[in-house]
Amino acid sequence: MNFDSSLPKGDLVQRRASLLHRLHIDGWLLLFLLMIAGIGLVVLYSASSKSIDMVTKQASSFGVGLLVMIFIAQIEPRFIARWTWLGYFLGLILLIVVDVVGHNAMGATRWINIPGVIRFQPAEFMKIAMPCTIAWYIAKYSLPPTLKHLSISAVALLLPFVLIARQPDLGTALLVLASGVFALFLGGLRWGWIAGAVAAAIPAAVGLWYFYMHDYQKRRVLTLFDPSLDPLGAGWNINQSQIAIGSGGIFGKGYLLGTQSHLDFLPESHTDFIVAVLAEEFGMVGVGLLLILYTLLIMRGLVIAAQAQSVFGKLLAGSLTLTFFVYVFVNIGMVSGILPIVGVPLPFISYGGTSIVTLLAGFGILMSIHTHRKWIVPT
């Protein structure tokens, strides 16, 4: 293979690309995202009791998220790596602000509220900042990471975890923690250290149970093993969810004909438990279609991670994709009764603007990693 010697040293020629590629948009990711979001709007209309206002807000959030995704996709990964530490410390500062003067709603202090201007949840921002930071840090050194680098990474992981868990929002705290752990795992974390971490997690979980978890969180865990312990209280949500899923059968009852949600038996039907509405009205076929689209989206993310040309890109793309998988698995797991209820929304299906924008920002990073690859072409 011959290379053009007239090119300046270090200057690489990009191969001819499609219009989407020149715009730094991955067509497959965009297609799967639009299809999932379309299903989400259809189901949300039913789950929200035909609320056009809620559907319009969700569509607007997705539109804003697409703009954020496209903007981030234009930024080269090396610039993302250069400034990722600043994003991490900004996220920590915002979490501290929430802890001190945050807006309280439904017994939780999770938001920064500037009346008439904006209301947002800084914990969502850390879902992006955390994997970026860990990937940036360990990619600077030889892999697998040493004990010193693991210790520093652990401190960086635990600071936002504690602040988010204090809100309290244990579900988001665990997702933020997982996003950083995935970067460490993909960096070649030794199995001996993984075994040690699992062993250390047992007494940590005991301490979390007795000294940190709230009573309602404990009831959720206990209800997982026996919903009949509190059928009208902590067990109500999961019981109604399982009834909705089971009653849908293979093909469902039909669009807008679900009884559990429309008769208000199913709480939070437009947010955490929206997949139960999908199962009741479209049956196993509807849920299966959604799972296929999620699988294709995740597979595309893993392909991008495998094809990334830098260590930072591989670690970041892989951790973002695996964290997205955890989103889907945890939500469907808790709605179907195999995991405790931790308040994790279903990506692009559950109602919620901040979550959608954050997720699309993550996919913007994936697109940046994939479309900013450099190619040397033969002459």
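Heads up: the sequence shown runs through residues 265 to 643, numbered per my numbering.
Ideal Cβ placement from N, Cα and C applies to all residues, glycine included.
A quick note: this is a predicted structure, and the numbers were derived from the prediction, not measured.
DSSP state of A372 mapped onto helix, strand, coil: Strand, per DSSP.
Inter-residue Cα distance where the pair is L586 and P395: Computed Cα separation, rounded: 11 Å.
Whole alpha helix (DSSP H) elements within the stretch 407-432, 4-residue minimum: Within the stretch 407-432, the complete alpha helix (DSSP H) runs of at least 4 residues are 411-429.
For I382: DSSP bridge partner residues: DSSP, once it has assigned bridges, lists I378 as partnering I382.
Bounding residues of the alpha helix (DSSP H) (the contiguous stretch that carries P609): Taken as a continuous stretch (DSSP letters only), P609 belongs to no alpha helix (DSSP H), as it is neither H nor E.
Beta-carbon contacts of T373 that lie in its chain and below 8 Å, excluding the five residues immediately before and after: When the five nearest sequence neighbours on each side are left out, the beta carbons in the same chain lying within less than 8 Å of the beta carbon of T373 are those of V362, D363, G366, H367, Q431, in order along the chain.
Supposed contact pair V307 and I538 - C-beta distance, whole angstroms, cut 8 Å: The C-beta distance from I538 to V307 rounds to 6 Å, short enough to meet the 8 Å contact threshold.
V551, buried or exposed, once every other Cβ within 10 Å from all chains shown has been counted against 16: It is buried - the Cβ of V551 has at least 16 other Cβ atoms within 10 Å.
Distance, V319 Cα to L350 Cα: Their Cα atoms are separated by approximately 35 Å.
DSSP-derived helix/strand/coil call for H634: Residue state, collapsed to three classes: helix.
Residues near S505 by beta carbon distance below 6 Å, same chain, minus five either side: The residues are F537, A540, V599.
Cβ contact check for the stretch 464-471 and the stretch 411-421: 3 or more pairs under 8 Å: Flag = no, the stretch 464-471 and the stretch 411-421 do not touch.
Pairwise C-alpha distance: I568 and L354: When only Cα atoms are considered, L354 and I568 end up about 28 Å apart.
Cβ pair count under 8 Å reaching 3, the stretch 626-633 against the stretch 281-295: With contact defined as three or more Cβ pairs closer than 8 Å, the stretch 626-633 and the stretch 281-295 are in contact.
Backbone secondary structure at H478 - three-state DSSP: The answer is coil: DSSP assigns H478 none of H, G, I, E or B.
Element boundaries [alpha helix (DSSP H), containing F353]: 341-365 is the extent of the alpha helix (DSSP H) around F353.
Residue closest to S325, alpha-carbon to alpha-carbon, out of Y615, T635, S417: For S325, the closest of Y615, T635, S417 by C-alpha to C-alpha distance is Y615.
Simplified DSSP assignment, three categories, for K578: K578 sits in a helix when the DSSP states are folded into three classes.
Assigned exposure category for Y558 - 16 Cβ within 10 Å defines buried: Around the C-beta of Y558, 16 or more other C-beta atoms lie within 10 Å, and the residue is accordingly described as buried.
Exposure label - V563; buried when at least 16 CB within 10 Å: Looking at the sequence itself, residue 563 is Met, so the reference to Val does not match. M563 is exposed by the Cβ-count criterion.
Residues of its chain near V621, where Cβ-Cβ distance is below 7 Å and the 5 sequence neighbours each way are ignored: Excluding sequence neighbours, V621 sits near S325, V328, G329, V332.
Alpha-carbon to alpha-carbon, M631 and F576: Rounded to whole angstroms, the gap between the alpha carbons of F576 and M631 is 14 Å.
Separation of L441 from M390, as counted between CA atoms: Cα to Cα, the separation comes out at about 10 Å.
Whether L579 touches A447 by CB criterion (8 Å): Yes; because the gap between Cβ atoms is below 8 Å, this pair is in contact.
Three-way DSSP call (helix, strand, coil) for K391 in this model: Correct three-state label for K391: helix.
Burial state of Q571, where buried means 16 or more other Cβ atoms lie within 10 Å: For Q571, the number of other beta carbons within 10 angstroms of its own is below 16, and it is reported as exposed.
Same chain, Cβ closer than 6 Å to S533, neighbours up to 5 away in sequence not counted: The beta carbon of S533 sits closer than 6 Å to those of A311, S525, V541, all from its chain and outside the five residues before and after it, given in chain order.
Among G471, L421, L427, A345, the one whose alpha carbon lies nearest that of K404: Nearest C-alpha to K404: A345.
Alpha-carbon to alpha-carbon, F384 and R342: R342 and F384: Cα-Cα distance of roughly 28 Å.
Proximity of D317 and H634 at Cβ, strictly below 8 Å: Not a contact, by the Cβ cut-off of 8 Å.
8 Å Cβ cutoff met for I336 and L358: No, the pair does not count as a contact, with Cβ atoms beyond the cut-off.
Straight-line Cα distance separating P611 from W500: So the alpha carbons of these two residues sit roughly 24 Å apart.
Length of the line joining the Cα atoms of V641 and S511: Because V641 sits at a pLDDT of 42, beneath the cut-off of 50, its placement in the model cannot be relied upon, and the following sentence gives the value as read from the coordinates. For the pair V641 and S511, the Cα-to-Cα distance works out to about 58 Å.
Beta strand (DSSP E) runs contained entirely in the stretch 496-581, provided each spans 3 or more residues: The stretch 496-581 contains no whole beta strand (DSSP E) run of 3 or more residues.
N- and C-terminal bounds of the alpha helix (DSSP H) containing Q322: In this chain, the alpha helix (DSSP H) harbouring Q322 covers 316-337.
When L284, L555, P386, Q573 are compared against D433, the one with the closest alpha-carbon: Closest by alpha carbon: P386.
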